[in-house]
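Chemist: With the first letter of the sequence shown counted as 1, position 125 gets the number 125 in UniProt numbering; the numbers rise by one all the way through.
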Amino acid sequence: MPYRLAVASHKGGTGRTTTACAIAWLWGQNGLKVLLVDACRTKAASMIAIDGRGDCPWKNVSFCNTMPTFDRYDLECDVVVVDCPPLTEPESQDVLRNCDGVLLTCLADVLCLRTLPSSTVAIRQARDENPNLKVLGILLTHFDGEDSNQERTLEKLRESQMTLTFEPPVPMQPELREWPLRPGCDMPPGDARAAYAKLTGEMKKKIGIGKARTMVIA
1 MPYRLAVASH KGGTGRTTTA CAIAWLWGQN GLKVLLVDAC RTKAASMIAI
51 DGRGDCPWKN VSFCNTMPTF DRYDLECDVV VVDCPPLTEP ESQDVLRNCD
101 GVLLTCLADV LCLRTLPSST VAIRQARDEN PNLKVLGILL THFDGEDSNQ
151 ERTLEKLRES QMTLTFEPPV PMQPELREWP LRPGCDMPPG DARAAYAKLT
201 GEMKKKIGIG KARTMVIA
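Now the structure itself:
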C-alpha cells in the first residue's frame, strides 16, 4: 500500500496547496511515483497541476480531483499526496481517516500560531477511527526573514514545537505565488524550491518511501 500523506492546515491561505503540489512535483522529479489528490472544494491544486489539455504533465505524477476510496482503487505508486480541506471543515475528516501522516502548514504570524492548536482537535477526532495517524511536523511558509515579527513567531514555534518544526521555513518568493498562473508548468526555481527540496528529503526518510508498491483491490 502506498504511503498516504495529508497536507493540511487549520485555515486557508497558509500555503497548503502550494506545499502539496511542491512535494508531489519534487518527489516525482526524484523518481517516486506520486498520486496527487485535490480533495479541497476550491480545487486550487488543479489550477497548478493541470495544464490546458486537462492533464498533469509532471514527471511521475498522476492526478485525482477527488479523494479515492482506497479499498476500491488499484493504485501503483509510492506515495499519495493529498491537498486536504481546512481542518475546521467536516470534509477534512474523510481525508484524515484515510491517511497515514499529516504535514501542517502555518504562517509566521501570531494569530496563525495561536489558532494552530485547533488543528489538534480535528486530528484527535480522526484518530478515533484511524489511531495510526501521525503528525509528521509543522512547516512555516511565505516566510519573510527581514520581518522581525515573523522572526519572533518562528522562535516561539521552535521553542514550543521544536521536534515538530521543519527547517528551514519556506521563504516568500513571488514566482512561487504566481505558479497557478502557469498551470501544468514545472515548479519555479529559487530559494523556496530549495527549502521544499530539503523538506521532501527529510520526509522521504521519515516515512520510509522509495519502492513502488501496488494496492490490490480486496
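Where a beta carbon is used, it is the ideal one built from N, C-alpha and C, also for glycine. Since this is a predicted model, take the numbers as computed values, not measurements.
#1: Buried or exposed for T28, please, with buried defined as at least 16 other CB atoms from any protein chain shown within 10 angstroms of its CB.
#2: Out of E89, V79, L181, which one is the CA nearest neighbour of S9?
#3: Just how far apart, CA to CA, sit E151 and G145?
#4: Suppose you measure from the CA of G15 to the CA of D128; what does that come to, to the nearest Å?
#5: How would you label T42, buried or exposed, when you count the other beta carbons within 10 angstroms and need 16 or more for buried?
#6: May I ask you to check if the CB of G54 is nearer than 7 angstroms to at least one heavy atom of the ligand NAP?
#7: Please say whether A20 and V34 have beta carbons closer to each other than 8 angstroms?
#8: Quick one: grab the DSSP three-state call for G201.
#9: Given A126, which residues of its chain have a CB within under 7 angstroms of its CB, disregarding the five upstream and five downstream residues?
#10: If we count the other Cβ atoms within 10 Å of its Cβ and call it buried at 16 or more, is R4 buried or exposed?
#11: Taking the beta strand (DSSP E) that I138 falls in, what are its first and last residues?
#12: What do you get for L103, buried or exposed, if any count of 16 or more other CB atoms within 10 angstroms of its CB means buried?
#13: Counting only runs that start and end within the segment 101-179, where is the beta strand (DSSP E) found for 3 or more residues in a row?
#14: For R4, report the span of its beta strand (DSSP E) as first-last.
#15: Of all the options L136, K11, M187, L113, which has the alpha carbon lying nearest to the alpha carbon of residue 219?
#16: Could you check whether the segment 161-176 touches the segment 191-198, counting it as contact only if at least three pairs of C-beta atoms, one from each stretch, sit closer than 8 angstroms?
#17: What whole-angstrom Cβ distance do W179 and P189 have, given they're in contact under 8 angstroms?
#18: Does the Cβ-Cβ distance between V37 and M67 come in under 8 angstroms?
#19: Determine whether the beta carbon atoms of residue 248 and A122 lie at a separation below 8 angstroms.
#20: So what does C84 bridge to, in DSSP terms?
Modeler: Let me lay it out:
#1: Residue numbering aside, residue 28 sits at position 28 when the sequence shown is read from its first letter. With the sequence shown as reference, residue 28 is identified as Gly, and Thr is not the correct amino acid for it. Flag for G28 reads buried.
#2: Within the sequence shown, the letter at position 9 stands for residue 9. Checked all of E89, V79, L181; the closest Cα to S9 is E89.
#3: Stepping through the sequence shown from its first residue, residue 151 is reached at position 151. Stepping through the sequence shown from its first residue, residue 145 is reached at position 145. Taking the straight line joining both Cα atoms gives about 6 angstroms.
#4: Counting from 1 along the sequence shown, the entry for residue 15 is found at position 15. Counting from 1 along the sequence shown, the entry for residue 128 is found at position 128. Using only the alpha carbons, I get a separation of about 28 angstroms.
#5: Mapped onto the sequence shown, residue 42 falls at position 42. Exposed, because fewer than 16 other Cβ atoms sit within 10 Å of the Cβ of T42.
#6: The model depicted lacks the ligand NAP and carries no ligand whatsoever.
#7: As a working note, residue 34 is residue 34 in the sequence shown. As a working note, residue 20 is residue 20 in the sequence shown. No. Outside cutoff.
#8: Taking the first residue of the sequence shown as position 1, residue 201 is located at position 201. Residue state, collapsed to three classes: helix.
#9: In the sequence shown, residue 126 corresponds to position 126, counting from 1. Contacts found: Q93, L96, R97, L133.
#10: By 1-based counting over the sequence shown, the position of residue 4 is 4. The residue is buried, with at least 16 neighbouring Cβ atoms inside 10 Å.
#11: For the purposes of this step, residue 138 is identified with residue 138 of the sequence shown, where counting begins at 1. Unbroken beta strand (DSSP E) run through I138: 134-141.
#12: Taking the first residue of the sequence shown as 1, we reach residue 103 at position 103. Its Cβ being crowded by 16 or more others within 10 Å, L103 is buried.
#13: 101-107, 134-141
#14: As a position in the sequence shown, residue 4 is number 4, starting the count at 1. Its beta strand (DSSP E) spans residues 3-8.
#15: The structure shown has nothing for residue 219, since the chain only spans 1 to 218.
#16: yes
#17: Here residue 179 refers to the residue found at position 179 when the sequence shown is read from its first residue. Here residue 189 refers to the residue found at position 189 when the sequence shown is read from its first residue. Actually they are not in contact, since the Cβ atoms of W179 and P189 sit about 12 angstroms apart, beyond 8 angstroms.
#18: Position 37 of the sequence shown, counted from the first residue, corresponds to residue 37. Position 67 of the sequence shown, counted from the first residue, corresponds to residue 67. Contact flag set, yes.
#19: Any answer about residue 248 is impossible in this case: the structure gives the chain only from 1 up to 218.
#20: Walking along the sequence shown from the start, residue 84 turns up at place 84. Answer is none; C84 lacks a bridge partner.
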